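Numbering (the working numbering), first residue to last: 130 to 824.
Think of the CB as a built atom: it goes at the ideal place given N, C-alpha and C, for glycine as much as any other residue.
None of the values given here were measured: they were computed from a predicted structure.
Have a look at the structure below before the remarks.
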Ligand code: 3H9
């Protein structure tokens, strides 16, 4: 087996290279290699200092996540880090690209840290339902202080080199070659007789930390409800203040193992790999050529179009936004500017970044101005005739190589593609609202979409900071089709005895940011109303249909934008308040439909909402609309706020067990009829004792 760590002497400095592509994950062979090379350097009388550096694209992406849950192979990462920290010769970490998780923890155990401009440092363990388990919670607060350390540990976000330097996380940012810079830095340490600075020996002023922990617990209470890792992170940093180093480390280990074993972390680790797996399309080879996307255009500057345009500008890609009327264009552009201003005032971006991004967005009402765009994303009103006209014009106007992408959320991409002479270049790119925030892009492959178009759009998703999932054509694609299966059951529950806030509470407690009714009010009830009106023509006459949402819309209640929907809202507030008018309406509809209202338990609400959603996911898999079960999970986590610690609906289904879900679905089918018939795939899994993860 190739060595994953190698060593070379540069004068009096020993340089240890981590060489485990793609991200220098610290698996067993790397850990063994680092200890071996450090020992070799320490034993060599010619060597006075050591530099640790990563080959390839980064320093290190941390512990090898694939090893978690497998038999352990020595040495432990903590021992590797102790070897560096206890070295009698100064050890310098030379950081380019990411140094995160266990990678940063290794750097924290080095006596000094030098980065280059590409360095990004962070402790993302929380995103895997973990806490840093190799001293990160003990060394980081000692090095940079409690408050910034808590920020890094709890956000899991990566910090650029300049910020890390300002915080003292980096000692120097090298201009020019990093390894050479770090070697020079190490030589200087030796010649100046600088001390071996052991992070573990730094002290924290307990007075300065007073009050921070309680304040932090309060500030995360809503977002972290029900989660283990965020609270263990806080406790562990608190231990760094309150306990001697070794005791703090012992506690950190205990918490780490507790989190590692938890179902929450298993769900989050599944989500991590699922997201990366989604980029792989079995019949589109990884080496399929991709078209360069250097300029983009967006059709429509409403809420969606504006948000989509921002994604391009944020990624540094010039984008032209086209609207039919100058007035609508001005309004849309003003909203984009307002969104950026909000980000500046919240400190998310600088004024300079805002100016640069705005300068990349150009408005027009003339199709000729988008003729040279590499990709056009159409986000006009959901009306097939309108879209066909728009696509015929685009086909005539845009250069032949341009990809024409539609943001439709329900319409048939093949029918749209047929309006052009380039169906191979037509694809769906379904963004989620608000499009500049939500990370999901459902990329919809039509029957004739070419491999190159697919590969280009999948890559583009990543370039603009989205998670792309390739899906097939059907009404609602993966996300909205499953959403419908769930929200219509939520509406039936109202007819049978529940109230909106009861259903919403169960879904919120399960871990969604909000329940279906609060979500409807946020998204705007008129959107769904229009879709239902369109579907009314094709809906089977004997299919159960809840009229409550329509009746609410008929009253002009469209959700938050009218301060009234399923709930009422005080002027200027987004907090849903149960509304007696709606409760009266619900009871009235129950009576009209002949329902005897009954008490509905929280468990029943949960099963009635989630199992039909899973059942629809099973049908989607049977039909090949989604490539794999984990893709469905990614859609739901990034597009609909499915709690990531539950791993997505299909992963969650495997935790409950196909057998149990099938039994409940069979019972519901007997009670409520055809629409709740268990999917054949679910039945097969129940019979075979397998799960969606085994497919
Ligand atoms: C930890 O460190 C615990 C310690 O505190 C304590 C231990 C005792 N392991 O994202 P990409 C794979 S927990 C294994 O597409 P990018 C990834 O699956 C760890 N594999 O590339 C993918 O594989 P494939 C804390 C890993 O350039 C490939 O690398 N660390 C790991 O866009 C490329 O990944 C994290 O949570 C890993 N640690 O981004 C790091 N990391 O090609 C999370 C990546 O087969 N990782 N892979 O699909 C990241 O943030 C990004 O992957 C990174 C590279 C920024 C590193």
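Taking C-beta to C-beta, are residue i and residue j nearer than 9 Å?
i, j, result
"residue 601", "residue 586", "no"
"residue 345", "residue 283", "yes"
"residue 223", "residue 308", "yes"
"residue 510", "residue 640", "no"
"residue 176", "residue 142", "yes"
"residue 624", "residue 722", "yes"
"residue 779", "residue 746", "yes"
"residue 546", "residue 577", "yes"
"residue 403", "residue 763", "yes"
"residue 149", "residue 188", "no"
"residue 301", "residue 310", "yes"
"residue 496", "residue 537", "no"
"residue 219", "residue 205", "no"
"residue 703", "residue 651", "yes"
"residue 599", "residue 605", "no"
"residue 707", "residue 696", "yes"
"residue 744", "residue 805", "yes"
"residue 117", "residue 232", "Since the first and last residues shown for the chain are 130 and 824, residue 117 lies out of range."
"residue 258", "residue 194", "no"
"residue 337", "residue 274", "yes"
Should residue i be labelled buried (16 or more other beta-carbon atoms within 10 Å of its own) or exposed?
i, result
"residue 666", "exposed"
"residue 835", "Because residue 835 is not part of the residues shown, which for the chain are 130 to 824, the question remains open."
"residue 407", "buried"
"residue 138", "exposed"
"residue 329", "buried"
"residue 531", "buried"
"residue 720", "exposed"
"residue 717", "exposed"
"residue 554", "buried"
"residue 455", "exposed"
"residue 381", "buried"
"residue 736", "buried"
"residue 549", "buried"
"residue 480", "exposed"
"residue 383", "exposed"
"residue 315", "buried"
"residue 245", "buried"
"residue 645", "buried"
"residue 216", "buried"
"residue 269", "buried"
"residue 395", "buried"
"residue 730", "exposed"
"residue 514", "exposed"
"residue 351", "exposed"
"residue 442", "buried"
"residue 386", "exposed"
"residue 516", "buried"
Using CA coordinates, which residue listed in the options is at the minimum distance from residue i?
i, options, result
"residue 182", "634, 206, 207 and 235", "235"
"residue 595", "436, 660 and 144", "436"
"residue 272", "258, 242 and 648", "242"
"residue 362", "434, 682 and 266", "266"
"residue 626", "715, 529 and 645", "715"
"residue 760", "400, 642 and 738", "400"
"residue 498", "473, 447 and 577", "447"
"residue 750", "797, 655, 483 and 814", "814"
"residue 319", "336, 140, 211 and 254", "140"
"residue 676", "132, 617 and 808", "617"
"residue 292", "255, 336 and 247", "247"
"residue 579", "707, 413 and 429", "413"
"residue 900", "388, 686 and 351", "In this structure the chain extends from 130 to 824, so residue 900 is not present and cannot be described."
"residue 212", "368, 476 and 160", "160"
"residue 333", "811, 374, 349 and 350", "374"
"residue 505", "589, 297 and 405", "589"
"residue 784", "391, 440 and 752", "391"
Using 8 Å for Cβ pairs, my map puts residue i next to residue j. What's the rounded Cβ distance?
i, j, result
"residue 191", "residue 230", "2 Å"
"residue 264", "residue 238", "7 Å"
"residue 287", "residue 250", "6 Å"
"residue 534", "residue 556", "5 Å"
"residue 768", "residue 608", "5 Å"
"residue 491", "residue 449", "5 Å"
"residue 196", "residue 157", "7 Å"
Taking only heavy atoms of the ligand MN into account, decide whether any of them is closer than 8 Å to the Cβ of residue i.
i, result
"residue 287", "Of the ligands one can find in the structure shown, namely the ligand 3H9, none is the ligand MN."
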